[in-house]
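Note that the sequence shown covers residues 17 to 423 in this note's numbering.
Take a look at the structure below.
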Amino acid sequence: MIPTLSEIEAAARSLEGVINHTPMEYSLHLSEVLGAPVSLKLENLQRTGSFKVRGATYRLSRLTAEERARGVVAASAGNHAQGVALAAQQLGIPATIYMPLGVPVPKLLATRGYGAEVVLDGATVAVGLERALEHSQRTGAVMIHPYDHRDVVIGQGTLGLEIMDDAPDVETIVLGIGGGGLIAGVAAAAKAKAAAEGRTIRVIGVQAENAAPYPLSLEAGEPVQVETTPTIADGILVGRPGDVPFAIIKELVDEVVTVSDDDIARALLVLLERAKVVVEPAGAVGVAAILAGKVHSTGRTVAILSGGNIDPLLLQRVVAHGLAASGRYMSIRVPLPDRPGQLARVSELLAEAGANVIEVLHTRHGQGLQISEVVLQISVETRGKEHRELTLQLLRDAGFRPEVLPD
């Protein structure tokens with residue numbers, strides 16, 4: 017059953033003083049891209065750095081005294097783990113969280129910092145979910161699913177109420193989909209509130225291309241398991257929709273689109289440079305869809321930045337990837353005749369093109385080289401795709417054979 021407006025409003029009242037009413041900021045750049053006003057809902061500034069604390073806190077607050085005494089168990093790679101850990105700490109409930117062995121250290125330390133017992137097991141969250149279920153069956157602890165429970169959906173729906181309060185003229189809301197708990201709650205809240213005002217609102221979901229079960233599931237009319245491949249948006253890397261959110265999404269969500277990892281990397285870079293906000297890849301997919309031309313809106317649009325928990329090392333790699341995807345950075349391999357002056361000539365051409373050299377490797381070792389050749393591997397900063405092509409063409413016109421390397 018679709019949550020009612022009164023249920024979500026009651027959840028919002030119960031969460032007062034526990035969660036933050038996160039800010040909303042207008043984005044001039046994204047408004048120019050879309051051709052309509054765009055605002056960013058900065059849920060990356062929420063407690064624990066993500067929206068997950070809303071659903072987790074409301075879910076735990078609804079447990080009976082007997083259930084609380086048994087404790088709770090969950091599995092997560094980060095955001096849900098922190099949400100459950102914080103909610104359990106505030107309610108005095110023992111919590112055990114299963115996290116994958118490769119979980120980023122900041123997320124691990126934060127979850128432990130909220131007082132939860134963390135068990136590192138398996139390479140993926142799917143393994144953790146199996147272990148958490150076994151733990152629940154063995155100990156009686158209550159399993160707290162990250163998205164497939166009605167109370168979790170209702171708790172996440174409080175974000176939709178905030179959007180309607182902060183941007184009462186909103187016509188389109190764009191946000192990411194993993195299992196579906198957030199978009200189901202937001203759609204239920206926003207559409208119910210809009211209907212009460214005698215108007216309609218569009219909700220657009222965004223999935224990563226490498227983990228997109230919703231388009232096929234919506235076409236089939238039921239949740240479908242799909243094979244996923246790695247994506248930088250690991251927070252929404254889910255192979256099958258949740259049963260509870262799917263039933264809501266198929267009724268209320270207007271459209272689901274997908275974006276590539278390159279799209280997501282560009283979005284993170286734009287958010288850093290233009291909005292001055294740090295967002296994790298899964299939290300930036302709504303912006304990625306706008307930048308990729310996947311969203312069409314003529315009225316006020318709100319893109320939800322659903323989380324900001326990104327490992328600094330991943331951020332470094334993603335920024336480099338985003339620069340390359342935007343045509344502002346490239347590494348090239350240039351075979352050279354092994355005689356004096358060739359490196360200087362390449363440097364002159366790059367200076368003529370206005371490309372800024374960042375790193376240089378000059379070696380006689382490399383596959384496909386003639387005995388009389390050396391290879392130059394050079395990383396340069398460019399001003400965009402046109403400038404990048406101009407730089408490559410200058411080298412070709414001078415008789416060199418530059419090869420762009422994968423970033």
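In this text, a Cβ means the ideal position worked out from N, Cα and C, and glycines have one as well.
Computed from a predicted structure; not experimentally measured.
If we call anything under 8 Å between Cβ atoms a contact, is residue i one with residue j?
i      : j      : result
Val396 : Leu366 : yes
Ala139 : Leu117 : yes
Ala97  : Met115 : yes
Leu61  : Asn36  : yes
Asp277 : Ile248 : yes
Lys310 : Val273 : yes
Asn325 : Lys123 : yes
Thr398 : Arg344 : yes
Ile264 : Val169 : yes
Pro246 : Pro229 : no
Ala101 : Gly131 : yes
Pro328 : Gly201 : no
Leu21  : Ala208 : yes
Thr155 : Gly99  : no
For residue i and residue j, I'd like the C-alpha separation in whole angstroms.
i      : j      : result
Ala319 : Glu133 : 34 Å
Ala93  : Asp279 : 23 Å
Val219 : Thr188 : 6 Å
Ala224 : Val254 : 10 Å
Gly192 : Pro53  : 19 Å
Ile179 : Ile24  : 13 Å
Ala414 : Leu408 : 10 Å
Ile109 : Lys401 : 54 Å
Thr379 : Gln358 : 13 Å
Gly87  : Ala111 : 6 Å
Gly176 : Arg215 : 16 Å
Pro353 : Val335 : 34 Å
Val135 : Asp185 : 45 Å
Glu296 : Glu235 : 29 Å
Thr244 : Ala304 : 20 Å
Gln426 : Asp137 : Within the shown structure, residues of the chain are numbered from 17 to 423, placing residue 426 beyond reach of any answer.
I believe residue i touches residue j by the beta-carbon criterion, under 8 Å. Please report the beta-carbon distance rounded to the nearest angstrom.
i      : j      : result
Ala205 : Gly173 : 4 Å
Ala291 : Glu82  : Not confirmed; about 46 Å, so no contact.
Pro261 : Gly195 : 6 Å
Asp164 : Asp259 : 6 Å
Leu285 : Leu339 : 7 Å
Could you say which of the options lies nearest to residue i if we only look at CA atoms?
i      : options                        : result
Glu419 : Ile199, Arg256, Gln393         : Gln393
Ser322 : Gly299, Arg333, Ala340         : Gly299
Gly43  : Ile306, Lys209, Phe67          : Strictly speaking, residue 43 in this sequence is Ser, with Gly absent from that position. Answer by Cα proximity: Ile306.
Leu149 : Glu25, Glu32, Ala104, Ala90    : Ala90
Arg301 : Thr245, Ala227, His37, Ser347  : One detail in the question is off: residue 301 reads as Val in this sequence, not Arg. With distances taken between Cα atoms, Val301 lies closest to Ala227.
Leu288 : Gly129, Phe416, Gln332, Pro246 : Gln332
Met424 : Pro39, Pro122, Ala104, Arg404  : Any question about residue 424 goes unanswered here, given that the chain covers just 17 to 423.
Val69  : Gly51, Thr80, Leu198           : Leu198
Thr314 : Leu46, Gly131, His337          : Leu46
Gly71  : Gly343, Thr274, Asp167, Gly415 : Asp167
Leu107 : Thr73, Ser55, Asn60            : Thr73
Ala28  : Pro422, Arg128, Met17, Ser77   : Ser77
Glu267 : Arg256, Thr398, Pro246, Glu238 : Glu238
Asn372 : Val362, Arg380, Thr379         : Val362
Ala183 : Ser55, Val334, Glu364, Leu50   : Ser55
His308 : Ala283, Thr245, Glu364, Gly144 : As written in the sequence, residue 308 is Ala, which differs from the His given in the question. Of Ala283, Thr245, Glu364, Gly144, the residue nearest in Cα terms is Ala283.
Arg355 : Glu389, Glu364, Gly370         : Glu389
Val376 : Ala360, Glu368, Arg147         : Ala360
Val190 : Gly221, His337, Leu285         : Gly221
Pro422 : Ala200, Glu405, Ser347, Ser342 : Ser347
Arg417 : Pro351, Arg316, Ile252         : Pro351
Ala341 : Val119, Ala281, Arg128, Ala304 : Ala281
Glu59  : Glu364, His312, Val294         : Val294
Asp181 : Val275, Val49, Glu213          : Glu213
Gly51  : Thr317, Glu368, Gly370         : Thr317
Ala26  : Ile217, Gly129, Gly144, Arg75  : Arg75
Ile113 : Thr80, His161, Ser66           : His161
His312 : Val49, Ser233, Pro39, Val34    : Val49
Starting from residue i, trace the beta strand (DSSP E) both ways and give me its first and last residue.
i      : result
Tyr345 : 345–353
Glu375 : 372–379
Arg282 : Looking at the DSSP string, Arg282 is not in any beta strand (DSSP E); the run it does join, the alpha helix (DSSP H), is 277–286.
Lys57  : 54–58
Glu419 : 419–421
Ile220 : 218–224
Ala157 : Looking at the DSSP string, Ala157 is not in any beta strand (DSSP E), and its letter there is neither H nor E.
Can you tell me where the alpha helix (DSSP H) with residue i in it begins and where it stops?
i      : result
Lys292 : From DSSP, Lys292 is part of no alpha helix (DSSP H); its letter is neither H nor E.
Ala336 : 328–341
Gln409 : 401–413
Ser22  : 21–31
Arg256 : Run containing Arg256: none; DSSP gives neither H nor E here.
Ile170 : 166–182
Leu125 : 121–129
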